[in-house]
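A.B. asks: The structure's right below; bear with me while I get my questions together.
There are 2 protein chains.
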Amino acid sequence: MKQQTRTSFHTVRDEVKRRIESRIWPQGALLPTEAELAQEFGCARATVNRALRELAEQGFVERRRKSGTRVKTAPVKQARFEIAIVRHIVEEQNAEYRYALVDRSVTEAPAWLTSQLGLKSGTRVLHLMCMHYANNRPFQFEERWVNLDVVPAIEQADLSRIGPNEWLLNAIPFTDAEIAFSAVAADNRLADFLATTPGTPVMLLERTTWFKGQPVTFVRMTHHPGYRVRSEY
Amino acid sequence: MKQQTRTSFHTVRDEVKRRIESRIWPQGALLPTEAELAQEFGCARATVNRALRELAEQGFVERRRKSGTRVKTAPVKQARFEIAIVRHIVEEQNAEYRYALVDRSVTEAPAWLTSQLGLKSGTRVLHLMCMHYANNRPFQFEERWVNLDVVPAIEQADLSRIGPNEWLLNAIPFTDAEIAFSAVAADNRLADFLATTPGTPVMLLERTTWFKGQPVTFVRMTHHPGYRVRSEY
DNA sequence: TAGTGGTCTAGACCACAAA
DNA sequence: TTGTGGTCTAGACCACTAC
């Protein structure tokens with residue numbers, strides 16, 4: 001009899017989404033209650049709940065107890081970027097990845113860094129400079145400071161073959177982070193590393209990372225001219 | 234007797250997350266099955282399912298039927314950026330927003346645009362240039378092309394007071410989009426608009442938008458020097 | 001073929017917030 | 001106080017996929 005033997009939450013979700021996009025339920029409108037929708041679709045309320053919860057996560061509707069579910073007036077869409085390991089980005093472009101450790105030293109954290117990471121003054125940090133290449137052309141210059149209080153083991157690590165990001169990701173895989181993109185002009189040092197001319201606009205990605213509330217590392221990653229960060233949403 | 238009368242999926246999710254972060258379940262390890270966890274936590278399997286599904290969405294674990302649930306070896310974390318209306322960004326900084334329509338014309342889509350959007354040659358488009366100011370200082374220069382086949386009404390719209398993005402968001406709120414960030418040098422025109430000097434690095438945001446599979450608009454937004462795109466993740 | 005996650009159901013109780 | 005979403009349960013069947 002029925003073409004679709006079961007009413008899945010996919011069905012409900014897609015139909016509700018369709019009605020929103022078709023303005024059958026215009027912006028700001030109140031949707032039927034879960035119970036009413038369950039009756040209309042001939043399914044359990046839990047199924048409707050799952051469907052509407054997903055639409056809420058995706059920013060289509062807003063849900064409030066007692067008030068009900070409303071179509072969002074200003075849909076705030078989120079663009080998602082995957083922040084992957086450089087090596088993976090390069091390899092996905094079918095390019096040959098090469099890594100080089102440029103410099104490594106242990107120092108006391110400079111004042112700006114203690115401020116940036118919220119460190120006690122005098123904290124020892126590992127300072128690293130590395131290059132990442134794609135098909136032997138400069139891809140990314142990485143300058144990093146690692147809090148040795150939190151990750152003492154990295155002081156003994158061999159970072160000549162594996163990048164600090166990969167090492168850290170292996171040592172403390174699940175971290176919180178804050179990132180920022182900006183456009184900056186390459187200075188002389190950067191221009192050297194990226195094989196370009198001083199003043200060239202390059203994309204700077206800065207990232208601060210915490211593990212269980214403790215500041216782990218701050219890194220500045222500058223990319224070759226022409227680098228683009230892309231995302232669908 | 235029980236401190237926690239009900240076992241919520243939050244409890245399960247947080248405890249599983251804790252075990253992953255504590256390496257009790259190391260990377261690549263197989264977790265107990267849903268049924269086993271349900272027994273351990275004394276809850277229904279659906280509750281465990283909800284908890285693990287969230288952890289999978291957040292990239293902590295990977296789930297496969299028959300295989301079971303594994304801790305992800307290379308956690309791919311996603312940074313989420315909210316792509317909001319310029320006016321909202323400015324107003325969130327407690328700055329005064331001002332908008333100006335610089336130029337407006339209707340033309341046939343140039344070749345590069347027909348290619349970019351997948352238009353038929355000869356398609357009429359609305360070409361717009363606008364400025365957005367924060368506290369009377371240049372914030373963003375916007376150059377936009379709108380497909381008049383899909384949004385004919387915009388040809389008659391008064392865009393001198395409200396920006397095209399807000400107009401479009403009101404006309405067709407739910408769209409698919411692709412965006413890209415890059416660092417570019419301001420050319421002479423851009424330097425004029427952004428009150429800077431030619432060659433200055435600026436952040437360029439390009440966005441292509443579709444509605445129900447039809448190309449709606451392509452926009453290039455360049456920002457004042459020093460503009461940063463930020464996100465926690 | 002069998003094991004594991006994916007999902008649905010019907011009912012229940014709870015938590016929050018509007019009236 | 002009451003309506004609405006938030007969640008849990010116990011059981012069931014399904015859909016993939018490793019074996």
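In the order they appear, the protein sequences are chains Y and E. For the first sequence, counting from 1, position 134 maps to 134 in this note's numbering; every step adds exactly one. For the second sequence, counting from 1, position 103 maps to 336 in this note's numbering; every step adds exactly one. Note that the Cβ used here is the ideal one computed from N, Cα and C, for glycine as well.
In angstroms, rounded to a whole number, what distance separates the CA positions of arginine 303/E and tyrosine 466/E?
C.D. replies: Distance between the alpha carbons of arginine 303/E and tyrosine 466/E is about 22 Å.
A.B. asks: Taking a contact to mean a Cβ-Cβ separation below 7 Å, would you say leucine 334/E touches cysteine 363/E in this structure?
C.D. replies: Yes, the pair counts as a contact, with Cβ atoms nearer than the cut-off.
A.B. asks: In the structure shown, what three-state DSSP assignment does valine 383/E receive?
C.D. replies: Valine 383/E falls in the coil class under three-state DSSP.
A.B. asks: Under 7 Å between C-beta atoms, does alanine 404/E make it to chain Y?
C.D. replies: No, alanine 404/E lies away from the interface with chain Y (no Cβ there is under 7 Å from its Cβ).
A.B. asks: Residues of chain E with CB closer than 8 Å to the CB of valine 184/Y, please, in chain order.
C.D. replies: Within chain E, the residues near valine 184/Y are Ala416, Pro434.
A.B. asks: Suppose contacts are defined by Cβ-Cβ distances below 7 Å. Is histidine 127/Y in contact with serine 105/Y by that definition?
C.D. replies: Cβ distance < 7 Å, so histidine 127/Y and serine 105/Y count as in contact.
A.B. asks: Keeping to the same chain, check which residues put their C-beta closer than 6 Å to that of glutamine 4/Y; ignore five residues upstream and five downstream.
C.D. replies: Residue placement at glutamine 4/Y cannot be trusted, given a pLDDT of 43 that sits under 50; what the coordinates show is reported in the next sentence. Around glutamine 4/Y: no qualifying Cβ.
A.B. asks: If proline 371/E and alanine 419/E are in contact, beta carbons under 8 Å, what's the gap, nearest whole angstrom?
C.D. replies: In fact, because the Cβ distance is near 11 Å, the residues do not count as touching under 8 Å.
A.B. asks: Starting from isoleucine 253/E, find everything on chain Y with Cβ-Cβ shorter than 8 Å and list it in chain order.
C.D. replies: By Cβ distance, chain Y contributes Phe174.
A.B. asks: Indicate the three-state DSSP secondary structure (helix, strand or coil) for proline 164/Y in the structure shown.
C.D. replies: Three-state result, proline 164/Y: helix.
A.B. asks: Helix, strand or coil, according to DSSP, for arginine 236/Y in the structure here?
C.D. replies: This structure does not reach residue 236/Y, given that chain Y is present from 1 up to 233, and the question cannot be answered.
A.B. asks: Between valine 48/Y and valine 202/Y, what straight-line distance do the alpha-carbon atoms span, to the nearest angstrom?
C.D. replies: Near 48 Å, if we compare the C-alpha coordinates of valine 202/Y and valine 48/Y.
A.B. asks: Drop a sphere of 10 angstroms on the beta-carbon of glutamate 34/Y, count the other beta-carbons inside from all chains shown, and report buried for 16 or more, exposed for fewer.
C.D. replies: Buried is the call here.
A.B. asks: Tell me which residues of the region 302-334 of chain E have at least one Cβ-Cβ distance to chain Y shorter than 9 Å, keeping chain order.
C.D. replies: Listed in sequence order: Val304, Lys305, Thr306, Ala307, Pro308, Val309, Lys310, Gln311, Ala312, Arg313, Phe314, Glu315, Ile316, Ala317, Ile318, His321.
A.B. asks: Within its chain, find whatever has a CB closer than 6 Å to the CB of glutamate 62/Y; leave out the 5 residues flanking it on each side and keep chain order.
C.D. replies: Contacts found: Arg70, Lys72.
A.B. asks: Which residue wins for smallest C-alpha separation from alanine 29/Y, given the options Ser67/Y, Gly42/Y, Arg53/Y?
C.D. replies: When each option's Cα is compared against that of alanine 29/Y, the closest is Ser67/Y.
A.B. asks: When burial is assigned at 16 or more other CB atoms within 10 Å of the CB, is alanine 44/Y buried or exposed?
C.D. replies: Answer is exposed; the Cβ neighbour count stays below 16.
A.B. asks: Determine whether the beta carbon atoms of phenylalanine 181/Y and phenylalanine 374/E lie at a separation below 7 Å.
C.D. replies: For phenylalanine 181/Y and phenylalanine 374/E, no; Cβs fall outside 7 Å.
A.B. asks: DSSP state of lysine 120/Y, grouped into three classes?
C.D. replies: DSSP places lysine 120/Y in coil when its eight states are reduced to three.
A.B. asks: Have a look at lysine 17/Y and asparagine 136/Y and give me their C-alpha separation to the nearest angstrom.
C.D. replies: Rounded to the nearest angstrom, the two C-alpha atoms are 47 Å apart.
A.B. asks: Within 8 Å, do at least three Cβ pairs link the region 212-232 of chain Y to the region 397-412 of chain E?
C.D. replies: Verdict: yes, contact present.
A.B. asks: Any idea what DSSP makes of asparagine 368/E, helix, strand or coil?
C.D. replies: In the structure shown, asparagine 368/E sits in coil (DSSP, three-state: anything other than H, G, I, E or B).
A.B. asks: Closer than 7 Å by beta-carbon distance: list the chain Y residues that pair up with valine 462/E, in chain order.
C.D. replies: Within 7 Å Cβ-Cβ: Ala180, Phe181.
A.B. asks: Is there a C-beta anywhere in chain E that falls below 7 Å from the one on alanine 177/Y?
C.D. replies: It does; some Cβ of chain E falls within 7 Å.
A.B. asks: According to the neighbour-count rule (16 or more other Cβ atoms, all chains shown, within 10 Å of its Cβ), is glycine 446/E buried or exposed?
C.D. replies: Burial call: exposed.
A.B. asks: As a quick exercise: from Pro215/Y, Arg98/Y, His224/Y, Pro173/Y, pick the residue whose alpha carbon is nearest that of leucine 190/Y.
C.D. replies: It is His224/Y whose Cα lies nearest to the Cα of leucine 190/Y.
A.B. asks: The alpha helix (DSSP H) spanning threonine 47/Y covers which residue range?
C.D. replies: Its alpha helix (DSSP H) spans residues 45-57.
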